[in-house]
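Taken in order, the sequence shown gives residues 7 to 760; the numbers are from the numbering used here.
Note that the Cβ used here is the ideal one computed from N, Cα and C, for glycine as well.
Remember, it's a predicted structure, so these values are computed and weren't measured experimentally.
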Amino acid sequence: MNERTLRKRLNRMTVVVIAVSIMIIAGGSVVSFHLRGILQNALTRQMESNTEQYKINIQRQTEGDLQTLNTLACFLQFGKMDTNAFMRGLLASKQYTEFDRMGYFDTSGRGINVTVDSMIEDELSLEDMDENVQAVVKDAWCGENGISKIYHPRGTEKNVFAYAVPVYSGEEIAGALVAGVGAETFEELLQDRTILKGQGYIHLISDNGTILVRSEDGVVEEKTENIYEGDYIAPQEQERIRKAMAAGEACASEFTYRDMTYQILLEPLEINGWYLFSVQMAQSVNSSIYQFMTSMRSLTVAVLLALLLFIFYGYRQIYRSNHRLIRSAWYDPVTGACNIARFEQDASEVIEGTQEYSLIAMNVRQFKFFNEIFGSRKGDQLLCRIKEAIESHIKDGEYFCRSTDDLFYILLRDTDRKVIRGRLEEMTAEISGYVVNNNGSYQIMLYCGGVIGTDVKDEEPSVQKSMTHVKFALNTARQSLKKSIWFYDTRLHEDEILENYVESHMATALEREEFHMYLQPKVDLGTGKVCGAEALVRWIPEDGKMIYPGQFIPVFESNGFCAELDMYMVEKVCAQIRSWIDQGKKPLPLSVNQSKLLFYEADYIDKLKALLEKYRVPASLITLEILEGLAMENIEELNERIARLTRMGFRISMDDFGSGYSSLNTLASLKINELKIDREFLLRLQNPKEDYRRQLIIMNKVVELTKDLQIQTVVEGVETEEDEGLVREMGCVQGQGYYYSRPVSAEKFSEIYV
Numbered sequence: 007m008n009e010r011t012l013r014k015r016l017n018r019m020t021v022v023v024i025a026v027s028i029m030i031i032a033g034g035s036v037v038s039f040h041l042r043g044i045l046q047n048a049l050t051r052q053m054e055s056n057t058e059q060y061k062i063n064i065q066r067q068t069e070g071d072l073q074t075l076n077t078l079a080c081f082l083q084f085g086k087m088d089t090n091a092f093m094r095g096l097l098a099s100k101q102y103t104e105f106d107r108m109g110y111f112d113t114s115g116r117g118i119n120v121t122v123d124s125m126i127e128d129e130l131s132l133e134d135m136d137e138n139v140q141a142v143v144k145d146a147w148c149g150e151n152g153i154s155k156i157y158h159p160r161g162t163e164k165n166v167f168a169y170a171v172p173v174y175s176g177e178e179i180a181g182a183l184v185a186g187v188g189a190e191t192f193e194e195l196l197q198d199r200t201i202l203k204g205q206g207y208i209h210l211i212s213d214n215g216t217i218l219v220r221s222e223d224g225v226v227e228e229k230t231e232n233i234y235e236g237d238y239i240a241p242q243e244q245e246r247i248r249k250a251m252a253a254g255e256a257c258a259s260e261f262t263y264r265d266m267t268y269q270i271l272l273e274p275l276e277i278n279g280w281y282l283f284s285v286q287m288a289q290s291v292n293s294s295i296y297q298f299m300t301s302m303r304s305l306t307v308a309v310l311l312a313l314l315l316f317i318f319y320g321y322r323q324i325y326r327s328n329h330r331l332i333r334s335a336w337y338d339p340v341t342g343a344c345n346i347a348r349f350e351q352d353a354s355e356v357i358e359g360t361q362e363y364s365l366i367a368m369n370v371r372q373f374k375f376f377n378e379i380f381g382s383r384k385g386d387q388l389l390c391r392i393k394e395a396i397e398s399h400i401k402d403g404e405y406f407c408r409s410t411d412d413l414f415y416i417l418l419r420d421t422d423r424k425v426i427r428g429r430l431e432e433m434t435a436e437i438s439g440y441v442v443n444n445n446g447s448y449q450i451m452l453y454c455g456g457v458i459g460t461d462v463k464d465e466e467p468s469v470q471k472s473m474t475h476v477k478f479a480l481n482t483a484r485q486s487l488k489k490s491i492w493f494y495d496t497r498l499h500e501d502e503i504l505e506n507y508v509e510s511h512m513a514t515a516l517e518r519e520e521f522h523m524y525l526q527p528k529v530d531l532g533t534g535k536v537c538g539a540e541a542l543v544r545w546i547p548e549d550g551k552m553i554y555p556g557q558f559i560p561v562f563e564s565n566g567f568c569a570e571l572d573m574y575m576v577e578k579v580c581a582q583i584r585s586w587i588d589q590g591k592k593p594l595p596l597s598v599n600q601s602k603l604l605f606y607e608a609d610y611i612d613k614l615k616a617l618l619e620k621y622r623v624p625a626s627l628i629t630l631e632i633l634e635g636l637a638m639e640n641i642e643e644l645n646e647r648i649a650r651l652t653r654m655g656f657r658i659s660m661d662d663f664g665s666g667y668s669s670l671n672t673l674a675s676l677k678i679n680e681l682k683i684d685r686e687f688l689l690r691l692q693n694p695k696e697d698y699r700r701q702l703i704i705m706n707k708v709v710e711l712t713k714d715l716q717i718q719t720v721v722e723g724v725e726t727e728e729d730e731g732l733v734r735e736m737g738c739v740q741g742q743g744y745y746y747s748r749p750v751s752a753e754k755f756s757e758i759y760v
């Protein structure tokens with residue numbers, strides 16, 4: 007899992023946390039909404055009940071007043087009563103009622119009025135009265151009881167409304183009896199606190215929202231004339247109220263004033279379009295429910311906060327833990343650079359998406375040797391220096407990593423070889439300047455292999471393919487001391503194809519015996535006669551096209567298949583000797599190469615015994631050639647194994663002496679029978695740049711030393727008559743090389759030499 011994946015997972019976790027939080031909030035909101043609905047319904051029912059009581063009281067008042075006025079109308083007889091008598095009767099009736107004034111208007115519009123201060127006005131005209139009075143009088147002339155809208159009588163600011171009932175003369179309506187009542191009558195009814203229990207108030211309003219009778223307990227301190235004035239009732243609620251009142255319907259709503267919420271109920275009175283505007287404060291009406299709701303909200307918030315804190319803490323712990331895991335999984339612990347797994351992931355996005363890239367492998371020459379000399383601590387410091395140098399030259403969109411030991415991979419976005427080479431030379435120059443110790447005598451040397459995407463043009467590119475290509479280039483750079491930077495090209499591509507073929511076909515080839523034994527003769531320098539041969543392997547597939555050892559032996563040495571092939575060649579040697587014996591021919595001694603992997607196998611000697619028994623051949627006819635490198639690790643163990651083999655009759659030869667790190671101490675320590683001097687000695691003698699005399703002295707001394715140690719010498723690479731004369735003069739025992747014969751098939755060798 008990389009950082010991107012971690013972020014995705016943490017983001018998913020964040021989404022889950024948010025979802026859980028939303029669920030908690032939603033759950034709390036649902037509960038709160040449900041409780042609010044319950045509260046709202048309860049409050050609405052309570053308000054409806056209270057408002058209904060006010061409505062009943064007002065209806066009782068108006069019905070009682072109308073009944074009183076109708077009763078008075080029955081006692082008035084206008085037909086034969088004179089005006090003075092009527093006025094006295096009207097004045098007497100007023101004294102026994104709560105009416106502020108009373109009057110009578112006949113159907114012609116003439117009338118009499120008794121005022122609030124018992125003054126009698128006669129010869130009145132209906133047209134001189136307030137239009138609200140005129141309206142109810144006319145209703146009474148039509149036989150209907152009427153209640154006027156509130157108005158102000160002339161000469162007073164008092165709010166008054168009028169009742170009017172018909173007065174009959176026989177079966178006909180003679181006029182209308184009118185009574186005026188002060189609006190304070192309704193105010194007294196609306197101030198009845200026993201109904202609302204001091205938890206609200208009520209106004210009497212008209213159908214356009216004008217406040218007709220105002221309660222003294224209103225919460226809105228501003229003395230507005232209309233309920234729509236001010237902004238405490240929301241515009242959408244105002245519109246809803248208007249529509250309900252226009253339809254004559256009841257309506258429930260709410261408004262907020264000074265951070266307090268109040269419930270509204272508008273109940274129609276069915277009188278002149280009047281409405282009762284009832285207001286109650288929800289918290290005071292249902293304080294216990296509100297306390298419960300507040301507690302629920304507080305609890306929900308507390309639980310949510312606790313959950314968020316817990317999740318945040320867990321989030322941080324998980325992030326830190328995963329970050330540590332990512333560091334260990336995706337980063338190199340020594341240098342802090344990305345490791346190969348992280349690099350492959352980042353590089354694959356580039357390589358699989360474009361050909362505009364170059365993949366570089368950088369290595370340190372003799373890094374293991376460096377560690378042995380200066381220690382692993384200095385080695386780690388060098389690796390960190392390499393990481394810093396590469397990092398300082400990396401651009402955006404480029405990546406690098408430390409793979410194993412001293413191997414670094416770099417992905418650049420350049421494709422020009424000159425530019426790439428220049429950048430790599432800058433990096434290597436900076437790294438080579440690293441001072442290992444105070445005297446600064448050790449020179450850090452690096453080599454690089456590279457592959458450019460535009461050069462390969464792979465139809466299905468991948469990091470693995472590019473790394474395979476770059477390893478070929480790196481291996482070429484390692485083998486070359488002249489060029490430290492190699493790029494993958496057509497020749498390397500062909501080598502890679504061949505290597506892939508070798509690895510994929512080697513097992514099958516061994517089963518089919520496509521590996522053939524060739525023999526190169528050894529010549530006795532004293533007699534000039536062939537005295538033996540070295541068994542060499544040639545791979546000849548079914549198509550007959552030979553694959554030479556240099557093309558497959560390095561592959562087998564790297565993948566370990568050389569152990570199987572070497573044992574196969576030992577068996578071929580045994581079979582050939584057996585064949586000569588069976589043919590009645592005198593067999594020649596044969597030598598065969600043995601790799602380190604095979605030589606140290608636990609059952610190696612047992613396998614040799616089995617082959618000797620299988621083919622019934624003497625071990626003395628077989629020379630096992632080993633490389634000097636086997637002695638570099640454990641001479642005692644090697645000598646113990648050599649001793650066992652010599653006791654069985656095998657001869658042991660050290661091959662390629664002088665080709666690499668040759669030690670006279672090693673030569674003196676090993677109990678070998680034969681020393682094969684590499685052709686490199688002869689080449690040095692022929693090289694004008696080499697000191698001929700010094701090289702000749704060294705070779706003479708080596709041959710002299712082998713004689714003293716009773717070790718037989720064989721010189722490889724004898725290609726001319728001069729070479730033969732030289733090695734014979736030195737006292738070498740045998741010679742081997744193209745001067746005598748190229749390696750030939752076992753059949754041809756038998757025909758010529760046996």
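Can the beta-carbon of residue i be found closer than 8 Å to that of residue j?
{"i": "T434", "j": "S364", "result": "no"}
{"i": "C407", "j": "C344", "result": "yes"}
{"i": "T726", "j": "T719", "result": "no"}
{"i": "V487", "j": "V739", "result": "Sequence inspection shows Leu at residue 487; the Val mentioned does not correspond to that position. The answer is no: Cβ separation not under 8 Å."}
{"i": "S284", "j": "N56", "result": "yes"}
{"i": "F261", "j": "I247", "result": "no"}
{"i": "C580", "j": "L617", "result": "yes"}
{"i": "Q582", "j": "M523", "result": "yes"}
{"i": "E205", "j": "L49", "result": "For the sequence presented, residue 205 should be read as Gln rather than Glu. No, they are not a contact pair."}
{"i": "G186", "j": "R107", "result": "yes"}
{"i": "K677", "j": "I632", "result": "no"}
{"i": "A450", "j": "V370", "result": "Here residue 450 turns out to be Ile, not Ala, going by the sequence shown. Taking 8 Å as the Cβ cut-off, I450 and V370 qualify as a contacting pair."}
{"i": "I546", "j": "E520", "result": "yes"}
{"i": "M251", "j": "L272", "result": "yes"}
Leaving out the 5 sequence neighbours to the left and right, which residues in its chain are closer than 6 Å to residue i when beta-carbon positions are compared?
{"i": "A170", "result": "V142, V143, A146, G152, A182 and V184"}
{"i": "E502", "result": "F478"}
{"i": "I619", "result": "As written in the sequence, residue 619 is Glu, which differs from the Ile given in the question. If we look at E619 and ignore the five residues flanking it on each side, it has no Cβ neighbours."}
{"i": "K602", "result": "L636"}
Can you tell me the Cα-Cα spacing of residue i and residue j, whole angstroms?
{"i": "Y744", "j": "V721", "result": "12 Å"}
{"i": "E54", "j": "C257", "result": "10 Å"}
{"i": "M87", "j": "D112", "result": "Residue placement at M87 cannot be trusted, given a pLDDT of 46 that sits under 50; what the coordinates show is reported in the next sentence. When rounded, the distance between both Cα atoms is 13 Å."}
{"i": "R657", "j": "F755", "result": "22 Å"}
{"i": "M660", "j": "A395", "result": "44 Å"}
{"i": "K591", "j": "V760", "result": "7 Å"}
{"i": "I683", "j": "R700", "result": "17 Å"}
{"i": "E4", "j": "S751", "result": "Absent from the model: residue 4. The displayed extent of the chain is 7 to 760, so no value can be given."}
{"i": "E276", "j": "D265", "result": "34 Å"}
{"i": "G455", "j": "N671", "result": "37 Å"}
{"i": "H158", "j": "Q286", "result": "30 Å"}
{"i": "D134", "j": "N119", "result": "12 Å"}
{"i": "L314", "j": "A335", "result": "30 Å"}
Give me, in chain order, the residues of the same chain whose beta-carbon lies closer than 8 Å to that of residue i; leave out the 5 immediate sequence neighbours on both sides.
{"i": "A79", "result": "V171, P172, V173, Y174 and L183"}
{"i": "G85", "result": "Per-residue confidence for G85 stands at a pLDDT of 46, beneath the threshold of 50, marking its modelled position as unreliable; no derived number is given."}
{"i": "Y448", "result": "F376, I379, F380 and V442"}
For the ligand NAP, is there any heavy atom lying closer than 7 Å to the beta carbon of residue i?
{"i": "D464", "result": "In terms of ligand content, the structure shown is empty, and the ligand NAP therefore cannot be addressed."}
What does a CB cutoff of less than 7 Å around residue i pick up in its chain, not counting 5 residues either side in sequence?
{"i": "D464", "result": "K471"}
{"i": "E358", "result": "P467 and S468"}
{"i": "D572", "result": "N599, Q600, S601 and L604"}
Exercise. Should the region 601–616 be regarded as contacting the region 547–558, the criterion being three or more beta carbon pairs within less than 8 Å?
Worked result: no
Exercise. For the region 351–367 against the region 462–475, are there 3 or more C-beta pairs whose distance is under 8 Å?
Worked result: yes
Exercise. In the region 654–678, which residue ranges form an unbroken alpha helix (DSSP H) of at least 4 residues, counting only runs that do not cross its ends?
Worked result: 670–675
Exercise. Can you list the alpha helix (DSSP H) stretches of 4 or more residues lying completely in the region 223–282, in chain order?
Worked result: 241–252
Exercise. Touching or not, the region 539–548 and the region 490–504, by the rule of three or more beta carbon pairs under 8 Å?
Worked result: With a cut-off of 8 Å, the region 490–504 and the region 539–548 do not count as touching, because too few Cβ pairs lie within range.
Exercise. Between the region 306–320 and the region 15–31, do at least 3 Cβ pairs fall closer than 8 Å?
Worked result: yes
Exercise. Along the chain, which unbroken stretches of the beta strand (DSSP E) at least 3 residues long are found entirely within the region 454–516?
Worked result: 491–493
For this session: Identify every run of the beta strand (DSSP E) within the region 329–415, keeping only runs that are complete inside it and at least 3 residues long; order them along the chain.
Result: You should have 364–370 and 405–408.
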